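Taking it in order: structure first as structure tokens, then the write-up.
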Amino acid sequence: MNSLQSISRSAVTSWRSQSNALRIMRLFLGITWIYAGWDKASDPGFLTQGAPTYIGTQLAAFAQSSPIGFLLNHTIEHAALVGAFVMVSEFAIGIATLLSVAPNSAAFGGFAMATGLWLSSSFHTSPYFLASDSAYAILWLAYLLLLIGNRRMPSFNLERRGAIRAGVVASIAVLGSFAGRAFPKASAASTSAKSTSKA
Numbered sequence: 005m006n007s008l009q010s011i012s013r014s015a016v017t018s019w020r021s022q023s024n025a026l027r028i029m030r031l032f033l034g035i036t037w038i039y040a041g042w043d044k045a046s047d048p049g050f051l052t053q054g055a056p057t058y059i060g061t062q063l064a065a066f067a068q069s070s071p072i073g074f075l076l077n078h079t080i081e082h083a084a085l086v087g088a089f090v091m092v093s094e095f096a097i098g099i100a101t102l103l104s105v106a107p108n109s110a111a112f113g114g115f116a117m118a119t120g121l122w123l124s125s126s127f128h129t130s131p132y133f134l135a136s137d138s139a140y141a142i143l144w145l146a147y148l149l150l151l152i153g154n155r156r157m158p159s160f161n162l163e164r165r166g167a168i169r170a171g172v173v174a175s176i177a178v179l180g181s182f183a184g185r186a187f188p189k190a191s192a193a194s195t196s197a198k199s200t201s202k203a
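So the sequence shown is numbered by our numbering: it starts at 5 and just counts up by one.
Structure, rendered in structure tokens:
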């Protein structure tokens, strides 16, 4: 049985074995994280210095008032790499969640990313319930705790099968990022075309 068959079989089994409440959380979080990755990948300005939506500009703005601003200041000079990492990670976490590849690690990654986004961009939002990042962090944490139950957090499986499954998810995540770059947002594409025609 090849890796894709193994992944699809375990994904189907995991969906069948979960409660409806857990399925809803898993579906929502997985799709939302993939969409977040796609939104960044299809934005031509996200990794382009000087563009209005450039990740470096966002990081610099967040650093002004974030409680982790000292960390964000160190990422600004490598903003394109940070942006690419976040984009691919969002794809990978979403795909791994939907396909049940290292589900506990994916849920922890989602929790860590949502917490980082909350501390970076929406920590001072008032009232707090208007900021979605904190809600995502709580949702990922609840999903993780439901997955592990009373068991200790398992270590990541580095055996051949686990490594291959993780490699498949990583490959799909990278392909998703390239696909997003190949199909830019309509509004972003038209803005780029207008600026090019004016030049």
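Backbone N, C-alpha and C fix where the C-beta goes; we use that ideal spot for every residue, glycine too. Here the structure is a predicted model, which is why all the values come from computation and not from measurement.
Open item on the list: According to DSSP, is K44 part of a helix, a strand, or is it coil?
Closed with: helix
TODO: Return the residue from the list P48, Y39, Q62 that minimises the CA-CA distance to A190.
DONE: With distances taken between Cα atoms, A190 lies closest to P48.
TODO: Would you decide whether Y58 is buried or exposed? Buried here means 16 or more other CB atoms lie within 10 Å of its CB.
DONE: Classification for Y58: buried.
- [ ] Could you please give the first and the last residue of the uninterrupted alpha helix (DSSP H) stretch that includes S109?
- [x] Here the alpha helix (DSSP H) through S109 covers 107–121.
Open item on the list: Using 9 Å as the threshold, is the C-beta distance between F66 and S136 below it?
Closed with: no
Task: Distance between L123 and G73 (C-alpha atoms, nearest Å) - done: 9 Å
Open item on the list: If you measure between the beta carbons of I2 and S18, is that distance less than 9 Å?
Closed with: An answer regarding residue 2 cannot be provided, because it is not within the stretch 5 to 203 covered by the chain.
Task: Of the listed residues A111, T101, V90, nearest to L148 (C-alpha basis) - done: Out of A111, T101, V90, the CA that lies nearest to the CA of L148 is found in A111.
Task: Per-residue DSSP class, three states only, for A203 - done: Per-residue confidence for A203 stands at a pLDDT of 40, beneath the threshold of 50, marking its modelled position as unreliable; the derived number appears in the next sentence. A203 falls in the coil class under three-state DSSP.
- [ ] Could you check which residue in S93, N108, F89, I35 has the C-alpha nearest to that of L51?
- [x] For L51, the nearest C-alpha among the options comes from F89.
- [ ] To the nearest angstrom, report how far apart E81 and L33 are at their CA atoms.
- [x] When the Cα atoms are used, E81 and L33 turn out to be separated by approximately 31 Å.
Open item on the list: Report the CB separation of G114 from I97 in whole angstroms; it is logged as a contact under 8 Å.
Closed with: 5 Å
TODO: Just tell me which of P131, A146, L151, T79 has its CA closest to the CA of P107.
DONE: Cα-wise, what sits closest to P107 is L151.
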